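Be aware that the sequence shown starts at -9, since it is given in my numbering, and climbs by one per residue. Idealized CB from N, CA, C, for every residue including glycine. None of these values were measured; they are calculated from a predicted model. For reference, the structure discussed in these notes is given below.
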Amino acid sequence: MKIADLRKLTKPQLEKQLKEAELELMKLKAKKALRTIEKPAHVRNTRRLIARIRTLLEEKAERAAARKAAATRKACKKTQRRTVKAVKQVKKTKKVTKRKLKTRQSAIRRAVTSKANKKSATRRSKKPAKPAKVRHPAKPAKPVSKPAKPVSKPAKPKKAGKAYKKAPAKKK
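So, in structure tokens, the structure goes:
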């Protein structure tokens, strides 16, 4: 049977075909053992048919799993979008309420300070402003003389190390 014909069949029909092909293969193997088989190539053809049917069944199972996974991914994306949207909305309302609170507080603060300023203005008379202090420029620092270096001992001659040894003569 060709693969195009097999693709048209449903899953239960394919499973039925698979069982029939496996039974036929067992019969052919028995005939081969008894050496009464007429067409030895028929064994190879039934094995191929079994392989085709199994491949189709696996493909159908993979497609079903992929569809299911895609549906769950889509659902996850939708719920994720909803949660992000809800979080944004909450943040937005928090900002608005914070802004309202700040404006209320600043209005109250202004009202309180203006009342306090009016009371303090009536109680006290203004004092004259203090004159600014005159700053004198800083005096330059005295130069510090460096102490004389102590006399050091004369350097010792270095011993001949590996670097100073003569290279061995090359052979000709």
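| Item | Value |
| --- | --- |
| Straight-line gap, SER94 to VAL86 (C-alpha atoms, nearest Å) | For the record, residue 94 in the displayed sequence is Arg; it is not Ser. Using only the alpha carbons, I get a separation of about 12 Å. |
| ILE(-7): first and last residue of the uninterrupted alpha helix (DSSP H) it sits in | -7 to -3 |
| Contact set for VAL33: own chain, Cβ-Cβ below 8 Å, skip 5 residues either direction | LEU15, LEU18, LYS19, LYS22 and ILE27 |
| Three-pair Cβ contact test at 8 Å for the segment 37 to 47 versus the segment -5 to 5 | yes |
| Nearest to LYS9 (by Cα), restricted to the options ALA54, LYS67, LYS29 and LEU39 | LEU39 |
| Rounded straight-line distance, which links the Cα of ARG37 to that of ALA11 | 8 Å |
| Continuous alpha helix (DSSP H) stretch holding PRO30: start and end | Run containing PRO30: none; DSSP gives neither H nor E here. |
| Straight-line gap, THR73 to ARG63 (C-alpha atoms, nearest Å) | 15 Å |
| Nearest-angstrom Cβ-Cβ length linking LYS50 and LYS1, presumed shorter than 8 Å | 6 Å |
| Span separating the alpha-carbon of ALA76 from that of SER96 | 30 Å |
| CYS66 to LYS84 span [Cα, whole Å] | 27 Å |
| GLN7 beta carbon less than 9 Å from that of MET(-9) | yes |
| Euclidean distance between Cα positions of GLN58 and ALA41 | Reading off the sequence shown, one finds Lys at residue 58, where the question assumed Gln. Spanning the two alpha carbons is a distance of roughly 26 Å. |
| For GLU0, the three-state DSSP class (helix, strand or coil) | In the sequence under discussion, the amino acid at residue 0 is Thr, which differs from the Glu named in the question. Correct three-state label for THR0: coil. |
| Rounded separation between ARG99 and LYS90 - CA only | 14 Å |
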